[in-house]
Amino acid sequence: MIAITPATPAEAPALKALLESAYRGDSARAGWNHEADILDDERVAPGEVEALLADPAVTMLTARAPDSGGGESMVGCVAVTCKNTALAYLGMLCVQPDLQSAGIGRRLLDAAEDHARAAGIAVIEMTVIEGRDALIAWYERRGYARTGETRPFPVLRDPPVTFVVLEKPLSPA
């Protein structure tokens, strides 16, 4: 049974560890949704998760699953940032690599959209690294569409990395 709940500031170290293991390095390669072959630096800078959790415009949702010790382990997360009264940004959606393709990402995406909808958001957008065709197709199957807009990666790279922008209109809650 997966439980999805808002993250607390005390969970910042666990969130950073999850994000790094799901997006970067050899551990990420155990799943299908990683950037390990594109980027080799940290996914989130030191202090970034703490800053997100302190920002009232951001809600980090976590997915937890029962662990072998009778407790729960964090197995996924997603961030929803309310940009204004009509637009939210979805980011940092990830699932522990060995649990990918088990429906956890879909549940997190649904929870993020429900959260945005409940806040009265009309449109949710995200950016995905250009060329990550399987991931973009996954989002398109869930109602997201390319806007035609691209955005530069925040750090200069050689070769350059570009984001494509995807968005989805949300029906009222």
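When you read off a place in the sequence shown, starting at 1, and then add 316, the result is the number in this note's numbering. For glycine and all other residues, C-beta sits at the position ideal for the given N, C-alpha and C.
Is it the case that the Cβ atoms of G392 and L415 are separated by a distance below 9 Å?
yes
So what's Y460 in DSSP terms, helix, strand or just coil?
Y460: coil per DSSP, three-state reduction.
Check A352 in the structure and name its three-state DSSP category.
Confidence at A352 is low in this model, with a pLDDT of 45, below 50, so its placement is unreliable and the value that follows should be read with caution. Correct three-state label for A352: coil.
Below 6 Å CB to CB, which residues in the same chain sit around E446 once its five sequence neighbours on both sides are set aside?
T478 and V480
DSSP three-state label for S337, please.
helix
Ignore the nearest five residues each way along the sequence and tell me which others in T463's own chain have a CB closer than 6 Å to its CB.
V481 and E483
My output table needs one value for G392: the three-state DSSP class, helix, strand or coil.
strand
Have a look at A352 and V360 and give me their C-alpha separation to the nearest angstrom.
For A352, the predicted structure reports a pLDDT of 45, less than 50, and the residue's modelled location is therefore unreliable. A value from the coordinates is still provided. Their Cα atoms are separated by approximately 14 Å.
Helix, strand or coil: how does DSSP classify K399 here?
Here K399 sits in coil by DSSP.
Does G419 get closer than 9 Å to chain B when you measure Cβ to Cβ?
Here there is only one protein chain, and chain B is not present.
Out of curiosity, what's the CA-to-CA distance linking R422 and P475?
32 Å
Out of A319, I452, C410 and L403, which one is the CA nearest neighbour of A383?
It should be noted that the sequence gives Asp, not Ala, for residue 383. For D383, the nearest C-alpha among the options comes from A319.
Suppose you measure from the CA of G363 to the CA of M317; what does that come to, to the nearest Å?
31 Å
Would P325 be called buried (16 or more neighbouring beta carbons within 10 Å of its own) or exposed?
exposed
Candidates V444, L409 and A418: which alpha carbon is nearest E429's?
L409
To test your reading of the DSSP string, which unbroken alpha helix (DSSP H) runs of 4 or more residues are found completely within the region 406-465?
420-434 and 449-457
Could you tell me the alpha carbon to alpha carbon distance between G266 and G407, rounded to whole angstroms?
With the chain represented from 317 up to 489, any question about residue 266 goes unanswered, as that position is not in the structure.
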